[in-house]
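Number of protein chains: 2
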Amino acid sequence: MTPLATRRAVLGLLLAGLGAPSLRAQPARDPLPSWRDGPRRRALLDFVAAVTREGSSEFVAPAQRIAVFDNDGTLWVEQPVYTQLLFILDRIRTLAPQHPEWQQDPLFRAAIAGDLRGAAAGGVDGLLKLAAAAQAGNSPEAFQRMAAEWLASASDTRWRRPYTQLVYQPMLEVLAFLRANGFTTFIVSGGGVEFVRAFAQEVYGIPPHQVIGSTFALTPGEQDGRITLTREPRADFVDDGPGKPVGIARHVGQRPIAAFGNSDGDWHMLRYATEGPGRRLGMIIRHDDAEREYAYDRESHVGRLSRALDEAAGRGWHVVSMREDWTRIFERD
Amino acid sequence: MTPLATRRAVLGLLLAGLGAPSLRAQPARDPLPSWRDGPRRRALLDFVAAVTREGSSEFVAPAQRIAVFDNDGTLWVEQPVYTQLLFILDRIRTLAPQHPEWQQDPLFRAAIAGDLRGAAAGGVDGLLKLAAAAQAGNSPEAFQRMAAEWLASASDTRWRRPYTQLVYQPMLEVLAFLRANGFTTFIVSGGGVEFVRAFAQEVYGIPPHQVIGSTFALTPGEQDGRITLTREPRADFVDDGPGKPVGIARHVGQRPIAAFGNSDGDWHMLRYATEGPGRRLGMIIRHDDAEREYAYDRESHVGRLSRALDEAAGRGWHVVSMREDWTRIFERD
Chain A
1 MTPLATRRAV LGLLLAGLGA PSLRAQPARD PLPSWRDGPR RRALLDFVAA VTREGSSEFV
61 APAQRIAVFD NDGTLWVEQP VYTQLLFILD RIRTLAPQHP EWQQDPLFRA AIAGDLRGAA
121 AGGVDGLLKL AAAAQAGNSP EAFQRMAAEW LASASDTRWR RPYTQLVYQP MLEVLAFLRA
181 NGFTTFIVSG GGVEFVRAFA QEVYGIPPHQ VIGSTFALTP GEQDGRITLT REPRADFVDD
241 GPGKPVGIAR HVGQRPIAAF GNSDGDWHML RYATEGPGRR LGMIIRHDDA EREYAYDRES
301 HVGRLSRALD EAAGRGWHVV SMREDWTRIF ERD
Chain B
334 MTPLATRRAV LGLLLAGLGA PSLRAQPARD PLPSWRDGPR RRALLDFVAA VTREGSSEFV
394 APAQRIAVFD NDGTLWVEQP VYTQLLFILD RIRTLAPQHP EWQQDPLFRA AIAGDLRGAA
454 AGGVDGLLKL AAAAQAGNSP EAFQRMAAEW LASASDTRWR RPYTQLVYQP MLEVLAFLRA
514 NGFTTFIVSG GGVEFVRAFA QEVYGIPPHQ VIGSTFALTP GEQDGRITLT REPRADFVDD
574 GPGKPVGIAR HVGQRPIAAF GNSDGDWHML RYATEGPGRR LGMIIRHDDA EREYAYDRES
634 HVGRLSRALD EAAGRGWHVV SMREDWTRIF ERD
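Those sequence lines, one after another, are chains A and B. In terms of my numbering, the first sequence opens at residue 1 and continues consecutively. In terms of my numbering, the second sequence opens at residue 334 and continues consecutively.
Here's what the structure looks like:
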């Protein structure tokens, strides 16, 4: 080898072994390709730039970079009804042959018939009764497996896709963008915690221990020489409205600096995050795109958005227009 | 510059910028320098080697590498009484002038006088009564700050050091060793969750959201136009004994593959972790070193170890002898 060739070979080895691509000027990749340029996209970029700029008065250490996300309507579709309710109705139908007594109850009869309106007629109490019948009596592990199996086989009727593909691509970009900037991301959902854990890792890159949700009481016991945990047909924590700050304080142990929601059920969480000192970000996803997704707010029974919308400007929360701010809704759009 | 000097300068820049030390052969650093060679040290090394060896039948993906640690007596000193009890008694003394009525109650009089025996005479109910009076009525954030301030100023009477220096150096090495091998480490403590969170990040490298503990009920409210959370003088979750698997299922959302404890209060947690399928590790820290720390087991009121010790061999749990297995107890030994 000539001295020059040797030199080149040595340099080549060095570059190969040491991650040479970082030497070359890389065009900065857009972290939010599905966000149209405008005030909301700029709010996201500015917020992250501010809290990560070392030495600035708005700098936040990585350990305190906590961001919380509602799930239904914020990360995935919640219309015409919550996906978990469809799961509950399917479970009721599956279990019905073992429960002839259900035929005596109009609520269960409606559920078995797939009559959404009838199943919802009992209000929250009725839904909790169906949820308890459909979802309790098993271990958290078994229930999570059951939910994962259902999600792997069930399909939405409008798009004819698995529900786990009806997640908002622009929000997946926000999750990844925040994590790339040292944030820890949490889901704070009114849905059942094990139901959301069944897909959060695979779909959102969020591990089970960063999912907070509503819970049934868990009873420890013993069977066949092993510890058992049984989900009782009784909600012991409802992670919605004022429950969201409670769940966050309990589970995360520090006040988030960023919160994302889409309904009045997120009003307390948005306030809790944005009322803390220093730079904060509150963001509301507004469903105003009937063509590509759904359009609903004040009159909707699912994901009602009214008070949070009225107060957004005064509280400095950014209202994202799905129609204007997002170039696409789903990954496959 | 001569061509040679230029070449050296270029290489120097490359090496400086690209983390050159990784080029040199590093002698493998002992991950457990405070552990004497023997069955326990080997059990730790073998377990980690087995679950991290790709392609082996015992391989566990990083997302499932969950390890849980009791705190009192497993990670730091718990004798002569739990550190949090000393904090409670100090708080009672501080608050006493505002509560003249406490002088009418023998339990509070004992606490104010610093009479540990008298303060403990009311059993668990008495302790919860003292804890509620000392620790409730504030927000989780305020209480955690209070605990951090106390820990920064208080000193143990035997070693005359802050309690946060009375953590076991060999266990800090286990925490770091597991994390270096892709594990996520959690504390599962009978102590109050905010009390442990006040020091877990700094002392153990464990963030607040990976600390599970006992909790007081939290009430959401509003004051001066801001959301408030108030810790009520009522325990709503006791993270001890059968509560530990419940806390883990609730918070972690998956069964740990390794558990470390030191008392019968960890028996359920050790079983929950080691009864799962595949390779598992259960480890009990036995306090048998009166000279360097304390010696206690079946007869102790704090950290009683009896049933878990009797069943250790049958369940495949490793019993660590502090005297024989650890070359030092604290970092400064």
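By construction, the Cβ of each residue, glycine as well, lies at the ideal position given by its N, Cα and C atoms.
Item: Cβ shell of A/Phe183 (< 6 Å), same chain only, five flanking positions each side left out; Value: Arg65, Ala67
Item: Listed by chain order, chain A residues near B/Ala481 by CB distance under 9 Å; Value: Going along chain A, no residue has its Cβ under 9 Å from B/Ala481, so there is no contact; the nearest lies around 13 Å.
Item: CB contact below 8 Å: B/Glu474 versus chain A; Value: yes
Item: Within-8 Å CB hit, B/Gly586 to chain A; Value: yes
Item: Cβ neighbours of B/Glu527 in the same chain (closer than 7 Å, five flanking residues each side left out); Value: Pro473, Phe476, Gln477, Ala480
Item: Anticipated Cβ contact below 8 Å, B/Arg613 with B/Ala383, distance rounded; Value: With 8 Å as the limit, B/Arg613 and B/Ala383 do not qualify as a contact, their Cβ atoms being about 10 Å apart.
Item: Classification of B/His432 by the beta-carbon crowding that lies within 10 angstroms, buried from 16 upward; Value: exposed
Item: Integer-rounded CB distance, given that A/Glu173 should sit under 8 Å from A/Ser34; Value: 6 Å
Item: A/Leu334 versus A/Tyr82: straight-line alpha-carbon distance, rounded; Value: In the structure as shown, chain A starts at 1 and stops at 333, and residue 334 of chain A therefore has no counterpart that could be examined.
Item: Neighbour flag for B/Thr385 against chain A, beta carbons, 8 Å; Value: no
Item: Exposed unless 16 or more other CB atoms sit within 10 angstroms - verdict on A/Arg160; Value: exposed
Item: Contact list for A/Thr215 against chain B, beta-carbon separation under 7 Å; Value: Arg583
Item: Interface positions of the stretch 198-211 of chain A facing chain B (Cβ-Cβ less than 8 Å), listed along the chain; Value: Gln201, Pro207, Pro208, His209, Gln210, Val211
Item: Distance between beta carbons of A/Pro245 and B/Ile560, contact taken as under 8 Å; Value: 6 Å
Item: Nearest-angstrom Cα separation, counted from A/Glu331 out to B/Asp573; Value: 45 Å
Item: From B/Arg564, B/Ser654, B/Ala453, B/Arg375, residue whose alpha carbon lies closest to that of B/Asn471; Value: B/Arg564
Item: Environment of A/Ser22 [buried if 16+ CB atoms lie within 10 Å]; Value: Confidence at A/Ser22 is low in this model, with a pLDDT of 45, below 50, so its placement is unreliable and no value can be given for it.
Item: Extent of the continuous alpha helix (DSSP H) run through B/Leu422; Value: 416-428
Item: Beta carbon proximity, B/Arg559 to chain A, threshold 8 Å; Value: yes
Item: Under 7 Å (Cβ pairs) to chain B, residues found in the stretch 256-278 of chain A; Value: His268, Arg271, Tyr272, Glu275
Item: Opening and closing residue of the beta strand (DSSP E) in which B/Val521 lies; Value: 517-525
Item: Cut-off 8 Å between Cβ atoms - residues of its own chain near B/Asp666, not counting five sequence neighbours on either side; Value: Gln502, Arg625
Item: Complete runs of the alpha helix (DSSP H) confined to the stretch 107-195 of chain A [at least 4 residues]; Value: 116-120, 123-135, 140-153, 169-180
Item: Enclosing alpha helix (DSSP H) for B/Gly576 [first to last residue]; Value: 576-584
Item: Enclosing alpha helix (DSSP H) for A/Val51 [first to last residue]; Value: 39-52
Item: Within 8 Å, strictly: CB atoms of A/Ala235 and B/Leu551; Value: no
Item: Reference B/Leu419, options B/Leu460, B/Gly594, B/Arg362, closest by Cα; Value: B/Leu460
Item: Closest by C-alpha distance to B/Asp643, when choosing among B/Ala467, B/Gln468, B/Asn595; Value: B/Asn595
Item: The stretch 365-381 of chain B in contact with the stretch 651-661 of chain B per 3-pair CB rule at 8 Å; Value: yes
Item: Best match in B/Ala646, B/Trp650, B/Gly580 for proximity to B/Ala592 [C-alpha to C-alpha]; Value: B/Trp650
Item: Cβ-based contacts, 7 Å cut-off: residues of the stretch 70-87 of chain A near chain B; Value: none
Item: Endpoints, the alpha helix (DSSP H) within which A/His268 is located; Value: 267-274
Item: Where the alpha helix (DSSP H) containing A/Glu324 begins and where it ends; Value: 322-325
Item: A/Thr420 - partner residues in DSSP beta bridges; Value: Examination of residue 420 of chain A is not possible in this model, given that chain A is present from 1 through 333 alone.
Item: Top-ranked residue by Cα proximity to B/Ala446, from B/Arg604, B/His584, B/Thr427, B/Arg491; Value: B/Thr427
Item: B/Val703: contacting residues in chain A (beta-carbon distance under 7 Å); Value: Given a span of 334 to 666 for chain B in the structure shown, any question on residue 703 of chain B remains unanswerable.
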